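Residue numbers (the numbering used here): 16 to 338.
Take a look at the structure:
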């Protein structure tokens, strides 16, 4: 077992007990409150609460048995890289626990690691340099006030908007999502189980899951899946299957999210992406929200330009380091 200078040891398991899951979720909440950025992405939190996807769990405990550090290894497609996300309790930092978790991950991973640093924390950057990781991806969280003017959604001729119908639109949407995100490292692998789990979440509302369909055939051409984060706590959201960050939008503690926005490659250049974005933002404002956020890869210059033209500005960054 790998440990730190104080003798803490990193344990590994392929499945956590319900009690251990509760400990990890509590640890993540404490780290979020301290850092202003959630250490674990939404898909990790969902997989903790709904186990089944292949994963490895690394844990560190103090002599009293309290969980002080946790790392999640996503083993869904190890040949394409193993996703790594970790959290260390704020009261137990600067003791080498983060390093011990990463070293244990390196020693046990069946493939190269893709480590997320949510919030682009300087300590994560320093550790990455020390361990020979390379910075390979930058994900922006953008935000926009919904109190400012919103452009009217202008749909292409022959296209109408309607709400997603669970049980009817599942398979057509999954096929559209796969086409729209064929080259995306996370969203392109979105499965029926991924959709099912999200439809069971308290925040899911099909009224805010907008589909743009061809009026003559009903064929889906694009979509804007919005999400509303609840009152009182951090908004744990994700862009297309990516990193998570907290937010406190309105005075009520709520914030809307452009959760996933996609357009069929054959329907590009007709203004559909802009129209879908505007329609989703109008929906969020109608729910009483005054701020919206989204996540977008820095390399997706076309999407970044679209969102900035629509009034979004950069809020925080999330970084991937490759081993």
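The C-beta atom is built at its ideal place from N, Cα and C for all residues, glycine as well.
As the structure is a prediction and not an experimental result, all values here were calculated from the model.
Close beta carbons around residue i, own chain, < 6 Å, minus the five adjacent residues each side
i           : result
residue 10  : Nothing can be reported for residue 10, as the shown portion of the chain is limited to 16 through 338.
residue 324 : none
residue 149 : 337
residue 205 : 192
residue 75  : 23, 25, 83, 84, 112
residue 107 : 83
Residue i (DSSP reduced to helix, strand or coil)
i           : result
residue 160 : strand
residue 211 : helix
residue 312 : strand
residue 149 : strand
residue 299 : helix
residue 32  : coil
residue 276 : strand
residue 271 : strand
residue 154 : strand
residue 317 : helix
residue 286 : coil
residue 334 : strand
Backbone CA spacing between residue i and residue j [nearest angstrom]
i           : j           : result
residue 263 : residue 334 : Note on residue 263: pLDDT 35, under 50, position unreliable in the model; the coordinate value appears next. The alpha-carbon atoms of residue 263 and residue 334 are separated by roughly 22 Å.
residue 73  : residue 270 : 32 Å
residue 331 : residue 312 : 12 Å
residue 25  : residue 116 : 7 Å
residue 310 : residue 122 : 31 Å
residue 125 : residue 94  : 8 Å
residue 37  : residue 30  : 13 Å
residue 294 : residue 286 : 12 Å
residue 300 : residue 306 : 8 Å
residue 88  : residue 119 : 11 Å
residue 91  : residue 322 : 31 Å
residue 209 : residue 79  : 37 Å
residue 327 : residue 77  : 43 Å
residue 189 : residue 98  : 23 Å
residue 176 : residue 240 : 12 Å
residue 100 : residue 71  : 11 Å
residue 114 : residue 39  : 18 Å
residue 131 : residue 139 : 9 Å
residue 33  : residue 27  : 16 Å
residue 292 : residue 57  : 22 Å
residue 348 : residue 35  : Because residue 348 is not part of the residues shown, which for the chain are 16 to 338, the question remains open.
residue 136 : residue 231 : 50 Å
residue 224 : residue 194 : 18 Å
residue 23  : residue 110 : 9 Å
residue 290 : residue 65  : 34 Å
residue 303 : residue 268 : 11 Å
residue 283 : residue 317 : 12 Å
residue 128 : residue 143 : 11 Å
residue 201 : residue 274 : 14 Å
residue 81  : residue 141 : 27 Å
residue 197 : residue 211 : 20 Å
residue 63  : residue 215 : 15 Å
residue 182 : residue 233 : 16 Å
Own chain residues within Cβ distance below 7 Å of residue i, not counting five before or after
i           : result
residue 213 : 219
residue 162 : 305
residue 160 : 305, 306
residue 69  : 90, 91
residue 329 : 155, 157
residue 254 : Residue confidence is low: residue 254 scores 37 on pLDDT, short of 50, so the model does not pin down where it sits. No coordinate-derived value is stated.
residue 55  : 43, 87, 100, 102, 259
Distance between beta carbons of residue j and residue i, contact taken as under 8 Å
i           : j           : result
residue 105 : residue 151 : That pair is no contact at about 28 Å.
residue 170 : residue 279 : Residue 170 to residue 279, Cβ: 14 Å. No contact.
residue 42  : residue 102 : 5 Å
residue 112 : residue 147 : Wrong, their Cβ atoms sit about 19 Å apart, outside the cutoff.
residue 165 : residue 296 : 5 Å
residue 221 : residue 180 : 7 Å
residue 174 : residue 229 : 6 Å
Close beta carbons around residue i, own chain, < 8 Å, minus the five adjacent residues each side
i           : result
residue 134 : 50, 51, 52, 260, 331, 332, 333
residue 217 : 245
residue 314 : 152, 153
residue 184 : 226, 235
residue 67  : 208
residue 265 : Low confidence applies to residue 265: its pLDDT is 39, below 50, so where it sits in the model is not reliable, and the reading given next is rough at best. Once the five neighbours on either side are set aside, the close Cβ partners of residue 265 are 303, 304, 305, 306.
>> As an exercise, report each continuous alpha helix (DSSP H) stretch of at least 4 residues that is fully enclosed by the stretch 49–134, in chain order.
In response: You should have 57–64, 112–123.
>> For a minimum of 4 consecutive residues, which ranges assigned as the alpha helix (DSSP H) are wholly contained in the stretch 165–246?
In response: Secondary structure in the stretch 165–246: the alpha helix (DSSP H) runs of 4 residues or longer, each lying completely within the stretch, are 185–195, 207–214 in chain order.
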